[in-house]
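Visitor: Protein chains in written order, with this note's numbering: chain A, 6 to 441; chain B, 0 to 325.
Where a beta carbon is used, it is the ideal one built from N, C-alpha and C, also for glycine.
None of the values given here were measured: they were computed from a predicted structure.
Structure below; questions to follow.
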Amino acid sequence: MSVMRRRLRTAAAVLLAAGVALGSAACSKKDDEGSTGEGGQVKLVLQTFQNFGYDQAIKDFEAANPNIKVEHQKMGELRDFQPKLVQWLAAGSGAGDVVGLEEGVLFGYVQNHDKFANLLDLGAGELKANFPEWKWNNAMTPDGKKLIALGTDVGGLAMCYRKDLFQQAGLPTDRDEVSKRMATWQDYIALGKEFKASGKVKAAWLDSATSLMQPYVMQNSETFFFDKDNKFIGDTNPVVKQTWDMGLQMAKDGLTAKTQRWSADWDGAFKNSAFATLPCPSWMTEGVIAPKSGPANSGKWDIAKIPGGGGNWGGSYLAVPAQTKHPKEAYLLAKYLTSKEGHLAAFKEAGAMPSDLAGLEDPAFKDKKSDYFSGAPTGQIFGDSVKNMKPVFLGAKHQQIWETVFEPQMQAAERGKVSSEAAWTKAVDEAKKATS
Amino acid sequence: MSSAVGAPRSHAASRPPSTPPRRRRSYRLGRWDLKYSPYLYVAPFFVLFGVFGLFPVLYTVYVSLFDYELLSGTKEFAGLENYRLLMEDAQFWNAAYNTLGIFVLSTVPQLIVALMLANLLNRQMRARTLLRMGVVIPNITSVAAVGIIFALIFADRYGLINWLLGTVGFDPIAWRDNRFASWFAIAFMVDWRWTGYNALIYLGAMQAIPKDLYESASLDGASTWRQFWAITVPLIRPTILFTIIISTIGGFQIFTEPLMYGNGLIRGGVDHQFQTLAMYIYEKTFTGNAEYGYGSAMSWLLFMMIIIFALINFALVRRSVKGDKK
Chain A
6 MSVMRRRLRT AAAVLLAAGV ALGSAACSKK DDEGSTGEGG QVKLVLQTFQ
56 NFGYDQAIKD FEAANPNIKV EHQKMGELRD FQPKLVQWLA AGSGAGDVVG
106 LEEGVLFGYV QNHDKFANLL DLGAGELKAN FPEWKWNNAM TPDGKKLIAL
156 GTDVGGLAMC YRKDLFQQAG LPTDRDEVSK RMATWQDYIA LGKEFKASGK
206 VKAAWLDSAT SLMQPYVMQN SETFFFDKDN KFIGDTNPVV KQTWDMGLQM
256 AKDGLTAKTQ RWSADWDGAF KNSAFATLPC PSWMTEGVIA PKSGPANSGK
306 WDIAKIPGGG GNWGGSYLAV PAQTKHPKEA YLLAKYLTSK EGHLAAFKEA
356 GAMPSDLAGL EDPAFKDKKS DYFSGAPTGQ IFGDSVKNMK PVFLGAKHQQ
406 IWETVFEPQM QAAERGKVSS EAAWTKAVDE AKKATS
Chain B
0 MSSAVGAPRS HAASRPPSTP PRRRRSYRLG RWDLKYSPYL YVAPFFVLFG
50 VFGLFPVLYT VYVSLFDYEL LSGTKEFAGL ENYRLLMEDA QFWNAAYNTL
100 GIFVLSTVPQ LIVALMLANL LNRQMRARTL LRMGVVIPNI TSVAAVGIIF
150 ALIFADRYGL INWLLGTVGF DPIAWRDNRF ASWFAIAFMV DWRWTGYNAL
200 IYLGAMQAIP KDLYESASLD GASTWRQFWA ITVPLIRPTI LFTIIISTIG
250 GFQIFTEPLM YGNGLIRGGV DHQFQTLAMY IYEKTFTGNA EYGYGSAMSW
300 LLFMMIIIFA LINFALVRRS VKGDKK
């Protein structure tokens, strides 16, 4: 009996020990990313966030390059993926052979570029003419010697407006006419006052004072919060303060709905038709405005040109981390996905607007119309807005300074929680602290 | 027993059992078995705890002594500089203040309500099991879903509560600009999820109390209320202490609820009205410059705070709830 029990016990101990050994072996198991598979086939790992729309493009790439196998890891939201990527880059392993970088994230990496391969060394120089100049230059180090990423989508900018509310207020509703009436931002504000003065609509003119910032500063300044040496100049850049005042003046005049972007109230404002215009990047039309406004408001929205001409908001890139074992193949993949074919496939699959100049001219994109937006020729409107844009230097911490410092303070001032001056001082102080 | 110890081991069974060296060896093996195998059985927990629990904690201490920024790749020894900066960091103390405020605002009503609820559920009634299971349903819903729903209920403009206030003629509440209102809303969210859970734990403890205690108490003329305070509460004191420790640990690490409440922004309100310590740690460690050193120092300080507060709560409750004196 006791022999039996002891045997059982010994067996259990052995099993447990084996279990522990196996468990720790499983933990220490090396990632086999980037390993060369059987038959000389190269396996590449592509890591993207949200939805790049690459399913078909990858199939086409694999068909054209039978020696390369692509594993596409979709990493969820950017805010989940970004901290992981930082860790993998620092640790020297774990990052894919090709990784997706959002524009705001990219600027940080341009400054700390040693973790990425120089695409110019891999032959990217020949691709320069394919992209708008600003899109290309964003991924280039200041000395112009290293390119860390190739452009995927862009966020061409337009002005989305509520045709039905315009009509109620006695404003023109035709998109060409509307574009003409808001050729400049001054015109736009004047039209807003006219809209309000009609007294026939409850809705505000614009969703928030902060919506003005991005398009206006980008059109009127070569820098935003940082100068080209990455020093904080948000307090001295006259255009930033000018836009701040302009937006808050609009709020004071009762032209804004004072909603906070990406909040539950913002969603509610769409459903309740609480504002009549919204500067909208291309990804926002079908991806944000349509679902948030709901089917009940289909055909009530339309799209005009953005005041002041062009603009861009958002967009992403593909980069090759220096830790990859297959830089050549990785570059081939990045090159294909950012070619005209890759761009158009992504546009078809996920509505991502091409940054490739030939792609912008392709009928598949250019002739695209949106039913939700009263049949507006979205391809043409958005395509025009990015082609002739001037490059604006944003700097590594642009997104952080805007999203976590200036935007919330401006919103607080808009809601009347604090005075414009107090909010400005606070924003500048905080920004200086965050950039020192 | 002694004869069993000398019996041949399984692997030696085929060999002649009579040779003295073998016998001695198997005897020794048997002793080792008795002596050491218990340690081997508990080893898996400690190995896993060491790898995934203790090592990260100690490594956090190590990292906290460095000026360590992941994005730029800086890693320089800084001694206690991170801790010194922390003492001067107003945003850190603000986050500590918020965390403590939300903790008190959520835990105190939560445990009291849970206690009452458990007492009710401990009575004879219809559909008792259904009701008992029902109280934990909020706990098994995803915290993100809870966050989204409550963000809608407490929305500033189109929210349910402000709408109700409006229909009876009150001004809407600035749920995010007003510090206390934001704490209240977040505490409400926490309580909604955790009250039932704690009630169930209390209920489990209450059922272990012998019924005859209540019987004799009611014979002596003690009211139900009196019975609750004089019998139930003192007898489940260890359980109350347990829930308080667990709530302290959980409450100090509150993260998802305030994050969802602030529309997913790590800032936690314009003036950080409801940014908790965990949120500030995340902000410093995983956004911006990825300041791992500073974030580690904060994490370590949070760890110490949790221990201190858990001990304070433990002492307070042990003193105020009188148990049976042994």
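Report the rounded CA-to-CA distance for ASN288(B) versus LYS140(A), giving the unit in angstroms.
Guide: In the second sequence, residue 288(B) corresponds to position 289, counting from 1. In the first sequence, residue 140(A) corresponds to position 135, counting from 1. So the alpha carbons of these two residues sit roughly 24 Å apart.
Visitor: ARG84(A): which of GLN55(A), GLN173(A) and LEU283(A) sits nearest, CA to CA?
Guide: If you number the first sequence from 1, residue 84(A) lands on position 79. Minimum Cα distance to ARG84(A) is reached at GLN55(A).
Visitor: In terms of residue numbering, what span does the alpha helix (DSSP H) encompassing TYR336(A) cover?
Guide: In the first sequence, residue 336(A) corresponds to position 331, counting from 1. Here the alpha helix (DSSP H) through TYR336(A) covers 332-342.
Visitor: Determine the direct distance from the alpha carbon of TYR279(B) to that of VAL62(B), and round the result to whole angstroms.
Guide: By one-based count along the second sequence, residue 62(B) stands at place 63. By one-based count along the second sequence, residue 279(B) stands at place 280. Cα-Cα distance, rounded: 17 Å.
Visitor: For the structure I just gave you, are there three or more beta carbon pairs, one from the region 194-206 of chain B and one from the region 237-252 of chain B, closer than 8 Å?
Guide: Yes, the region 194-206 of chain B is in contact with the region 237-252 of chain B.
Visitor: Taking a cut of 9 Å between CB atoms, which residues from the region 242-253 of chain A lie near chain B?
Guide: none
Visitor: Along the beta strand (DSSP E) that carries GLU82(A), what are the first and last residues, could you check?
Guide: If you number the first sequence from 1, residue 82(A) lands on position 77. Neither: GLU82(A) is in no beta strand (DSSP E) and is coded neither H nor E.
Visitor: Tell me which residues of the region 153-170 of chain B have at least one Cβ-Cβ distance to chain A shorter than 9 Å, keeping chain order.
Guide: PHE153, ALA154, ASP155, ARG156, TYR157 and GLY158
Visitor: Distance check for HIS271(B) and HIS403(A), CA to CA, integer angstroms please.
Guide: Locating residue 403(A) in the first sequence gives position 398, where the first residue counts as 1. Locating residue 271(B) in the second sequence gives position 272, where the first residue counts as 1. The alpha-carbon separation between HIS403(A) and HIS271(B) amounts to approximately 20 Å.
Visitor: With three or more C-beta pairs closer than 8 Å as the rule, is the region 273-284 of chain A touching the region 244-251 of chain A?
Guide: no
Visitor: Quick check on ALA144(A): does DSSP put it in helix, strand or coil?
Guide: Here the question's residue 144(A) lines up with position 139 in the first sequence. Note: ALA144(A) maps to coil in three-state DSSP.
Visitor: Determine the chain A residues that contact ASP176(B) at a beta-carbon separation under 9 Å, and present them in chain order.
Guide: Within the second sequence, the letter at position 177 stands for residue 176(B). Going along chain A in sequence order, the residues near ASP176(B) (Cβ under 9 Å) are ALA417, ARG420 and LYS422.
Visitor: Should PRO284(A) be labelled buried (16 or more other beta-carbon atoms within 10 Å of its own) or exposed?
Guide: Mapped onto the first sequence, residue 284(A) falls at position 279. Classification for PRO284(A): buried.
Visitor: Quick one: measure Cβ to Cβ for PHE229(A) and VAL222(A), integer angstroms, because I've assumed they're closer than 8 Å.
Guide: Here the question's residue 229(A) lines up with position 224 in the first sequence. Here the question's residue 222(A) lines up with position 217 in the first sequence. 5 Å between Cβ atoms; contact.
Visitor: Rounded C-beta distance between ALA381(A) and LYS371(A)? I'm assuming under 8 Å.
Guide: Along the first sequence, one-based indexing puts residue 381(A) at 376. Along the first sequence, one-based indexing puts residue 371(A) at 366. Not confirmed; about 13 Å, so no contact.
Visitor: What residues in the region 222-242 of chain B have a beta carbon less than 8 Å from any beta carbon of chain A?
Guide: From the region 222-242 of chain B, no residue has a Cβ closer than 8 Å to chain A.
Visitor: Below 8 Å on C-beta distance, what does VAL269(B) contact in chain A?
Guide: Start at 1 with the first residue of the second sequence, and residue 269(B) comes out as number 270. The answer, in chain order, is PRO413, GLN414, GLN416, ALA417 and LYS422.
Visitor: Give me the chain A residues within the contact set of PHE285(B), using Cβ-Cβ distance strictly less than 7 Å, ordered along the chain.
Guide: Residue numbering aside, residue 285(B) sits at position 286 when the second sequence is read from its first letter. Ordered by position in chain A, the residues that pass the 7 Å Cβ test against PHE285(B) are PRO88.
Visitor: Nearest to LYS330(A) by alpha carbon, out of ASP181(A), VAL103(A), ALA208(A) and ALA301(A)?
Guide: Start at 1 with the first residue of the first sequence, and residue 330(A) comes out as number 325. Nearest of ASP181(A), VAL103(A), ALA208(A) and ALA301(A) to LYS330(A), Cα basis: VAL103(A).
Visitor: Got a sec: which bits of the region 24-58 of chain B sit with their beta carbon under 8 Å from any beta carbon on chain A, in order along the chain?
Guide: GLY29, ASP32, SER36, LEU39, TYR40, ALA42, PRO43, VAL46, LEU47 and VAL50
Visitor: Of the residues that make up the region 126-157 of chain B, which ones have a beta carbon closer than 7 Å to any beta carbon in chain A?
Guide: ALA150, LEU151, ALA154, ASP155, ARG156 and TYR157
Visitor: List, in chain order, every chain A residue whose beta-carbon is nearer than 8 Å to that of ASN262(B).
Guide: On the second sequence, residue 262(B) is found 263 positions in, with the first residue counted as 1. Correct list: GLN265, TRP267, SER268 and ALA269.
Visitor: Taking C-beta to C-beta, are ILE101(B) and THR223(B) nearer than 8 Å?
Guide: Locating residue 101(B) in the second sequence gives position 102, counting from the first residue. Locating residue 223(B) in the second sequence gives position 224, counting from the first residue. No, the Cβ-Cβ distance between ILE101(B) and THR223(B) is not below 8 Å.
Visitor: Pick helix, strand or coil for ILE243(B), following the three-state DSSP scheme.
Guide: For the purposes of this step, residue 243(B) is taken as the residue at position 244 of the second sequence. Looking at ILE243(B) - three-state DSSP - the assignment turns out to be helix.
Visitor: Given a threshold of 16 other Cβ atoms within 10 Å of its Cβ, counted over all protein chains shown, does PHE76(B) qualify as buried or as exposed?
Guide: Counted from its first residue, the second sequence places residue 76(B) at position 77. When all chains shown are included, PHE76(B) counts as exposed.
Visitor: Measure from the alpha carbon of GLY158(B) to the alpha carbon of each residue in GLY146(B), TRP193(B) and PRO171(B), then state which is nearest.
Guide: Taking the second sequence and counting its residues from 1, one reaches residue 158(B) at position 159. Considering only alpha carbons, the answer is PRO171(B).
Visitor: With a threshold of 6 Å on Cβ separation, who are the neighbours of TRP182(B) within its own chain once the five nearest residues in sequence on each side are excluded?
Guide: Working through the second sequence from its first residue, we reach residue 182(B) at position 183. Here the set comprises GLY100, ILE101 and LEU104.
Visitor: Kindly indicate if chain A contains any beta-carbon less than 8 Å away from that of GLY250(B).
Guide: In the second sequence, residue 250(B) corresponds to position 251, counting from 1. By this cut-off, GLY250(B) is not an interface position.
Visitor: To the nearest angstrom, how far is it from the Cα of LEU130(B) to the Cα of ARG156(B)?
Guide: In the second sequence, the residue the question calls residue 130(B) occupies position 131. In the second sequence, the residue the question calls residue 156(B) occupies position 157. Each residue's alpha carbon lies about 35 Å from the other.
Visitor: Going along the chain, which residues of the region 71-102 of chain B sit with their C-beta nearer than 8 Å to a C-beta in chain A?
Guide: Taking 8 Å as the upper bound on Cβ-Cβ separation, chain A lies near residues SER71 and GLY72 of the region 71-102 of chain B.
Visitor: With a cut-off of 8 Å, does the C-beta of ALA289(B) fall near any C-beta of chain A?
Guide: On the second sequence, residue 289(B) is found 290 positions in, with the first residue counted as 1. Chain A contact via Cβ: present.
Visitor: Could you say which of ASN70(A), GLN61(A) and GLN52(A) lies nearest to GLU82(A) if we only look at CA atoms?
Guide: Stepping through the first sequence from its first residue, residue 82(A) is reached at position 77. Out of ASN70(A), GLN61(A) and GLN52(A), GLN52(A) has the C-alpha closest to the C-alpha of GLU82(A).
Visitor: Note down, in chain order, every chain B residue with its Cβ under 8 Å from the Cβ of GLN405(A).
Guide: In the first sequence, residue 405(A) corresponds to position 400, counting from 1. What GLN405(A) touches in chain B: THR286 and GLY287.
Visitor: Quick one: Cα of SER216(A) to Cα of GLY45(A), how far?
Guide: Counting from 1 along the first sequence, the entry for residue 216(A) is found at position 211. Counting from 1 along the first sequence, the entry for residue 45(A) is found at position 40. When rounded, the distance between both Cα atoms is 52 Å.
Visitor: Going by DSSP in three states, GLU426(A) sits in which element: helix, strand or coil?
Guide: As a working mapping, residue 426(A) is identified with position 421 in the first sequence. Correct three-state label for GLU426(A): helix.
Visitor: Can you list, in chain order, the residues of its chain whose CB lies under 7 Å from that of ALA117(B), leaving out five sequence neighbours each side?
Guide: Counting from 1 along the second sequence, the entry for residue 117(B) is found at position 118. The answer, listed in chain order, is ALA198, TYR201, LEU202 and MET205.
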